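Number of protein chains: 2
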Amino acid sequence: MKYGYFDNPRKEYVISRPDTPTPWINYLSNSEYCAMISNCAGGYSFHIDPRDRRILRYRYNNLPSDRPGRYIYIYDDESSDYWSPSWQPVLKDLDIYECRHGLGYTIIKSRKEGIEAEVTYFVPLSDNLEIWKLTIHNLTKACKKLKIFSYAEFCLWRAESDQNDLQYIQNVAYTEFGDNVIYYSLYDRHPGYAFFTTNGDILGFDCDREEFIGPYRDESNPQRVEEGKCSNSIAIGGNPIAATCNKLILDSQEKKTIFFVLGVVKEKKHAKDIIEKYKDIKKVETEFSKLCQFWTDYLKKFKVNTPDEDFDTIVNIWNPYQCKTTFDWSRYVSFYETGIGRGMGFRDSSQDTIGVNYALPERVRQRLLDLARNQFADGHVYHLYFPLSKKGGFPNYLNPNKPYFSDDHLWMIIAVYDYIMETGDLKILNETIDFVDSDSEASLYNHLKIAIDFTLKHIGNHGLPLIGSADWNDTLNLPGPNNAGESLWVALQLHFALLSMIELASESNHKKDGIKFTNLAEQIKKHVNEVAWDGEWYIRAFTDSGEVIGSSNNDNGKIYVNPQSWAVISRIASKERATEALNAVKRYLNTEYGVMLFTPPYIEYRDDLGGITTFPPSLKENGSIFCHTNPWLILAECLLGRGDIAYEYFNQISPISKNKIADIHRTEPYIFSQMITGKFHPKFGAAKNSWLTGTAAWTLRSAHQGILGITPTMHGLMINPCIPQEWDGFTVVRYFRGAIYEINVKNPNHVSKGIQKIKVDNVKIEGKILPVFNDSQDHSIEVIMG
Amino acid sequence: MKYGYFDNPRKEYVISRPDTPTPWINYLSNSEYCAMISNCAGGYSFHIDPRDRRILRYRYNNLPSDRPGRYIYIYDDESSDYWSPSWQPVLKDLDIYECRHGLGYTIIKSRKEGIEAEVTYFVPLSDNLEIWKLTIHNLTKACKKLKIFSYAEFCLWRAESDQNDLQYIQNVAYTEFGDNVIYYSLYDRHPGYAFFTTNGDILGFDCDREEFIGPYRDESNPQRVEEGKCSNSIAIGGNPIAATCNKLILDSQEKKTIFFVLGVVKEKKHAKDIIEKYKDIKKVETEFSKLCQFWTDYLKKFKVNTPDEDFDTIVNIWNPYQCKTTFDWSRYVSFYETGIGRGMGFRDSSQDTIGVNYALPERVRQRLLDLARNQFADGHVYHLYFPLSKKGGFPNYLNPNKPYFSDDHLWMIIAVYDYIMETGDLKILNETIDFVDSDSEASLYNHLKIAIDFTLKHIGNHGLPLIGSADWNDTLNLPGPNNAGESLWVALQLHFALLSMIELASESNHKKDGIKFTNLAEQIKKHVNEVAWDGEWYIRAFTDSGEVIGSSNNDNGKIYVNPQSWAVISRIASKERATEALNAVKRYLNTEYGVMLFTPPYIEYRDDLGGITTFPPSLKENGSIFCHTNPWLILAECLLGRGDIAYEYFNQISPISKNKIADIHRTEPYIFSQMITGKFHPKFGAAKNSWLTGTAAWTLRSAHQGILGITPTMHGLMINPCIPQEWDGFTVVRYFRGAIYEINVKNPNHVSKGIQKIKVDNVKIEGKILPVFNDSQDHSIEVIMG
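Residue numbers (our numbering), protein chains in the order written: chain A, 263 to 1048; chain B, 263 to 1048.
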C-alpha cells in the first residue's frame, strides 16, 4: 500500500495521506540550526547540540503520536469551527491533504471548508532560525473572517533535565513579549534567547502552555483556540510556548501570506536585526531560493542517468540528501534518537564522511581533525564526542575491563584515506593534533599509525584482534573473565586499513612504513585464511572461552554476513573463497526485504555473547536485516563482478522499493532505516529507526564505486562499473578535483563488468584511470564495456 | 474553590469532581511494590527501585495530562458507546463521580447510563502486586451486555533507557499469554517478570500498544475498544501493554465484581501460586482488611484531640501518612520526581526518619545503618544512594572543586540521636559499619564523631563551616576561585548536632568526648553571636569573596528565615536575639500562604551565588515559600513560648487550610508540597511538587514536640506544650517504649506555655518528664498548664 510518490522534477517526495504508518519526516537544517518536521508538522528543533541547546520539545514514542510540532490552527469566526492544515494536532478530516518533503524544506498543503492553506517550512542557510510561511486562499464565494493561531512548545534548553529533572527545570523558564516578539530564555540567560515573531499583526499571544491549552485538554483542542482568542499569558517557570493569534480577513478568492519566524540568538539585542530582515517577504523568498540553489549545486556533483529511474532517484537525490544529514548529526538526533547521550559517534562520523567528501571536502577535513583530537596517545579513541565542546566520552555500556571499541580508531584511517583520494589533499597528513590524554601532539599521519599500533598490541589467543567492549557490532560484547574475546571482522578491517596505510605511506614518502605495513598485511591475510575459514564461509569471532562464533557447528549464529563481505572488500579472500562465501550469504541470509545480519538468531540470552542476545530473534543485532551491512555486500559482489546480484541487493534494500509496501515497511520510502525486522519476527519487513544510519554513506558508496564503478584514486578517477547485464549503459556527471567529467558508459555486449575502451575528450587512454585536470572545464568521457 | 472534602471517620479524602488543578494522587505501597495513582486513575508502578525496576510507564508533564494509568473501559454492546469510570482517559462526562483516597488504597466510583462502577485499587502488604477490584452495578431496568476492557502500559523496566534510548529499548520487550495471564519481561529476562491477570474469563487480550490503540489514536479512543474486541496481539519489541476484554452480562439491579492483578516475580514459575491465591475474592478481601488494620495500628501510636478538628485531621491522619511515604521514597519518585537520578537523598532520608521513628523503629534502625554505610573515612558522605544496591553517589551538580554538601553528614547525628531518644536503643551506637572508601570500619558512634571532625576540618576565613557544593539549600552554591564560601546555617546545625553528641557521649560513657563537645559548642555559640548577628537578625552566609549574604546591607536576600529559626532551635540565640530575629521573620517574610525563604528575591543571575539565582523571583530557592522551613520556624516559636504565632504558622502552611482555595493552591489539600510560589510571582500561592518533601517529617515534629509538646528524651517522655491560648486543652494517646500514655492536657488559665502540675496514674510528679514504663499498659497522664 502506498502513501505517496516521488516528484523527481521538483526533487520532492509527496505524501498524499496524513496517516502514514510512522511520522515521515524531513530535516531542515543549515548544519547549525536544525528543525525536524513530520508530514503532519510534528517535530522539534535545536541549535548545534540537541542535548544542550534544545529549542522545541518533542514527546518521543508518545500517545498521541508525533506531538508536539509547528502547529497552525485556522479558526472561522462565523462557524467557530477550527482545524489544522497539517491534520495534526486537531485531526479533523481535510478535503485535500498533501505534504511535499523537499531538500531542506517541507510544504504542507490542505483544503477544508473552501479554505486552502499552504505552509512552507524551511531553515535559511545563513541564519539560525526557521520560517513557517503560510499562504491562505479563500476559494469560497463569501468573505472569510479568520483567526490564525500559531503554536510551538519550547524545550527547557537542556533536553535531559527537561525530561528528568522536572522539580528543577519546571521553575526556570522566563518569557517576555514586546514589539510583536515573544522572547524566551531560562532565568539565568546562559543558553541565550529564543524568539518567535510574525510579520502579521498579533491580536494576542500566549507564552504559558497551561493557559493556552487549558486543563485536561491537549493540542487537539486548546481552550484559547476554541474561544477564538489568546490570553496574553507570560510563563515564569512552567512550560513556555510561543502561541500567537492573527486576524485574517479574506475576500472571495483572495489569498494572503503570513510568516512566522522562530530563531535563537546569544543576546536579545542581536534578535532585532534578524527580525527586521525577516519582516520583508522578499528576503524570505530570497533565502528560500538560496537554499534551493545550495541543493542544486550539491547534487550536480554526481548525477547519474541509468535505465532504472528508481535507482537514479535514490542515487541522485535522496541518498546524497540522507548522507548530508548523517554527516551533520551522526546517530545523535532524530525521531528515534533522543539527542541526549549518544553525541557524535566516532565510528559513525568517520564512516559518514565517505558519503559527503565529494560534495563537502572542507567540512570533511575539519571533521577528520575533530575526530583525531579524540584519540588517546596509545591509539584508541573516545567512542563519541559532543558538538558544542567537541570533547569526547564513552557510553555507559562500555565494559570497564575492556575500555575501548576495537574498530573505532581504525575507521579514522579509512576515512582519511578516502578523503585524500577524493581531494588529493596529502597535506592533511602533516596537520599536528593533540592527544586527549597527554600534552603531546603528533601529525595526523602518526595518529593513523598509532591506531594500527593499538590494534597490534591487542591481539588474542587465536592471533586475531581482541574485541574490546565490542567491534562494529556494538552488542557483540563477548564478556568473560579473561577479556579474551576476539573479532575476526576487526582483522579484516585492519587488513583493509593497512592497504590504505601502504598507499598513504608511499604517497607521503614513508618508505619504511610502507614495507612494514605490506609485511603485516601479508601476515594477516595468511593467518586469517588459516584460522577463520569454516569450510563454506568465514567465521565471525571467538568468545572469551575460545568458542567459535559464526560456524556451521553452531546451532545459532551459524553464518554472519560481515565476515564474508569484508573478506572480499579487504582483499583477504581468494577469488574462490570469495565466491563460495558470497554464495553462502545468498543462500542462507538473503530475504525479499534485504540480507540478514546472521542466521539463525539466538533464542535465549547468553552471558558469553552479551548484548546481541538481549534482543528477540530477528530484531536489531539478533539477526535482523541490519541495513548497514547490505551495501558492504553490494561492494563485495561488485568486486567479484556479479553485477546482477549487486543490483538485486541494491534494489531490495533501496527505500524506493518499499514505496509500494509502505504499510509493511512503515518508515519513510525515501530514506534508509537502521534495521528491518528479519524473517523470524511476526512483523517481518517492518523497518525501524529511519534516517541516522551508516547505511546512507555506504549505499551511496556502493552505487558510486560499486555498481557505477567510479572511484577516486590518488592519481585520477578510476572507471570500472559492475552493472546488471541488461543495462545498455548509463551516463554520469561527476565533479572531481576541479573538473567536470561527463561520463558516457556503453554496454553493447551486456556484460556486468569489464572495460573495452575509454576515450577522454575523444582520445583513447590506456587503463581505467581518468586523468586529473583541475581546469574547471567539462571533459567528455566515453566508456565501452565488454 | 473546593474540589473535595475530608471524610475523617473513614480516614479518606473525597474528591468530588475529576478535573482537579493537578492530578491529586495517592501512594499504594508495601514499601517494596509501589503504585502511584491519581484521582483519575493515572499513574505508574515500580518494584523497590523506580530507576531499575519500573513496571508501569508514566508520561510526566504531558499533554494530555496525567497519562497513562490503570484504565478500565466500559463498553455497552447495545449502543457501542464506551466510557471510563475514572473519567480519564475517555473524558466523557459522568453522571456521578467520586474518588476516595484512603490510606494505602484508592476508590473511584462513578455512574453513567445507569451503570455504577466502583474500582478499588490497593497493594497488599505481603505480595508485590496491585489489585484493581471493579464492581459494576446495573441500576437500569434492562439487562446490560457489557464488555470490560482493562489497560496498563508497561515501562521497559529501566526507566532511563525507556525515555532516552529508544533505538535500543524499543527492541527488547517480550510478552506471552497463557492460562488467562499476560507475562511480560525483557528478552534477557534479567529484571524478572511482570504478570497481569483477572479472575474473570478473558475474551481477548492485547500486549502490543499500537495494535490496541490504533494509529493516530490515544488512550481516549483505542481502536480495539471502539470495535468492542481485542486483537490478541503479542509484543515482541515495541511497547508492551496489558489489555484484556471481559464479557459482563448484568440483569437489572444485578451487581458483579471482577478484579485484576498486576504484579512482579523473579521467575515465571513463582507467579503461579500468587495468581492462584488472588483468584479467590475472599483472599482479596482479607488482604484489604490487613492493609486497613496496618494503618489503624500505625496511626494509633500518636492520636490527638484538640479543639481544632482540622489540626487533628492533619496530625492524626494525613501528616503521618505522608511521613511514611517520604520515609519509603525520600525525594525519589512521584508525579514530579521522575525516579531516575535522585535516589534516596542522604540529608532527606536522615530527616525523614524523624517523621516515622515513633511508628517504625525497626525500619528506621536499618535505614540509619544503610545511611552510615555511605560515609567516607574522612567523615563526609554520599549525597544519595540507590535502593537496590544501597550504593551511593553524587548528583551531577556537585561542584568537583568542593566535592561534598556541608550539611549531609551532620544530619546523621540528628537522626541517630532522635531514634535513640524514641527507642532508648543505645546499642545502635556500637554497630560496626564499613566506610565507603576504605576497608576500615568503625562503630556508629565513631561514624558520628568523624562527621563532626569533617566539619571542623573545613572551616572558612570567618570561622564558619565552608559551604562545600552547598548546604541544606542545594542551590546556594557560592562558587568562586577560592572555594571559600561559608555557611552560617551549617554552624547552627553543627551546634545542634554537638548538643546531641554531648548527650550521646554522656549516655554511652564517652566522658572525654563530652567535655570536648561541650567546649566546642560553647566556642561556636560565642563565635556565631560575634560574627553573624546583623543587628536585627542573623546573616545567612559569606560568599567566596567574603561578601555577607542575608544582611540589611544587601539589596536582595536581606533576611533569610533559616538562620533565625535555627539560631533558636540550636540554642545559639539568647532569648532577646531569638525574639528579635523571629519578630523580623514575621515582619518581613510572613505571607498569607506561608513564610518565604528570604526576601527580597534576587532579580538577576549572580555568578557568586550560583543556583539560587537561576530561578525567577518567588520560585523555588529564590524566595518562594519553601515549605520545609516553616515547621522549623514553628519549632522555634514554640521554644520561645509563642503558641499563637506557632499555631498561625502551622495553619497557614497546613494543606487542609488550602482546601477552600484549591484552585489557587493547585496541589493536594491533604498533603504538603515542596514549595508555594511567593508574593513576587504572578501566581502567588500556587504549590508545586507535592508529597516528597522534608516538610512532612518536620511538620509532624512541630506538632508533636512543638505545639503539643510531647518529646521523647533519654529517660522519659517530656511534656511541655505550646498551644494557642484559646485552647482549653487537648488529649493525646501516645505509644512510647512499650507503654501507652493517655495524656489529658488542661489549660484553665489559657496560657500558651507552662506546666502547673502533672499527674501520672493519679500521682503528681516533679518536672515535666513522664517515666518509662515498658509494661504494655495504659497510663493516664493529667497535665495542668498555667
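Note that beta-carbon positions come from the ideal geometry of N, C-alpha and C, so glycine has one too.
Every value quoted in this text rests on a predicted model; they were computed, and no experiment measured them.
Extent of the continuous beta strand (DSSP E) run through residue i
i       : result
V1045/B : D1040 to M1047
F564/A  : F564 to N567
A456/A  : Y455 to T460
S289/A  : Note that residue 289/A is Tyr in the sequence shown here, rather than Ser. It spans I287 to S291 - the beta strand (DSSP E) in which Y289/A sits, taken as one unbroken run.
Residues near residue i in its chain [Cβ-Cβ closer than 7 Å; skip 5 each side]
i       : result
A213/A  : No answer is possible for residue 213/A: it lies beyond the span of chain A, which begins at 263 and ends at 1048.
Y265/A  : I277, S278, R279, T282 and A924
G1048/B : P1010, N1011, V1013, G1016 and Q1018
Three-state class that DSSP yields for residue i in the structure shown
i      : result
T263/A : The sequence shown places Met at residue 263/A, not Thr. M263/A falls in the coil class under three-state DSSP.
E529/B : coil
E378/B : strand
G440/B : strand
N578/A : helix
N254/A : The shown model of chain A, from 263 to 1048, leaves out residue 254/A, and the question about it has no answer.
R996/B : strand
L660/A : coil
C984/B : strand
Residue nearest to residue i in terms of C-alpha spacing, selected from the options
i      : options                           : result
E838/B : E516/B, W795/B, P665/B and I972/B : W795/B
A843/B : A767/B, I834/B, T853/B and Q826/B : Q826/B
S749/B : E769/B, V487/B, T717/B and E765/B : T717/B
F877/B : K1019/B, D736/B and A677/B        : D736/B
S807/A : L740/A, D427/A and D775/A         : L740/A
I714/A : N578/A, M763/A and D906/A         : M763/A
I602/B : Q425/A, D450/A, A497/A and W828/A : Q425/A
R996/A : R604/A, F521/A and M980/A         : M980/A
K409/A : N815/A, F556/A and I377/A         : I377/A
I896/A : Y560/A, V847/A and T368/A         : V847/A
N824/A : F638/A, S814/A, E294/A and V857/A : V857/A
T402/A : V527/A, L418/A and I511/A         : I511/A
Residues near residue i in its chain [Cβ-Cβ closer than 6 Å; skip 5 each side]
i       : result
F589/A  : D614 and V618
G725/B  : H789
S916/B  : I576
T1059/B : No answer is possible for residue 1059/B: the residues shown for chain B start at 263 and end at 1048.
N818/A  : P862 and Y864
P477/B  : none
A959/A  : C585, Q613, D614, I616 and G617
A949/A  : H927, R928, T929, S935 and I938
A297/B  : L290, S307, V385 and E392
Nonlocal neighbours in the same chain, by C-beta distance under 8 Å from residue i, ignoring five residues either side
i       : result
F1035/B : R999, G1000, A1001 and H1041
Extent of the continuous alpha helix (DSSP H) run through residue i
i      : result
Y679/B : D670 to T685
Q425/A : A421 to N426
T961/B : T957 to R963
R332/A : Note, R332/A: premise wrong, no alpha helix (DSSP H); not H, not E.
Closer than 7 Å: residue i CB and nearest the ligand ZN heavy atom
i      : result
C296/B : No copy of the ligand ZN appears in this structure; indeed no ligand is present at all.
Legend entry - Every unbroken alpha helix (DSSP H) within the region 713-777 of chain B, with a cutoff of 4 residues, ordered by chain: Counting only runs that start and end inside the region 713-777 of chain B, the alpha helix (DSSP H) elements of at least 4 residues fall at 750-769.
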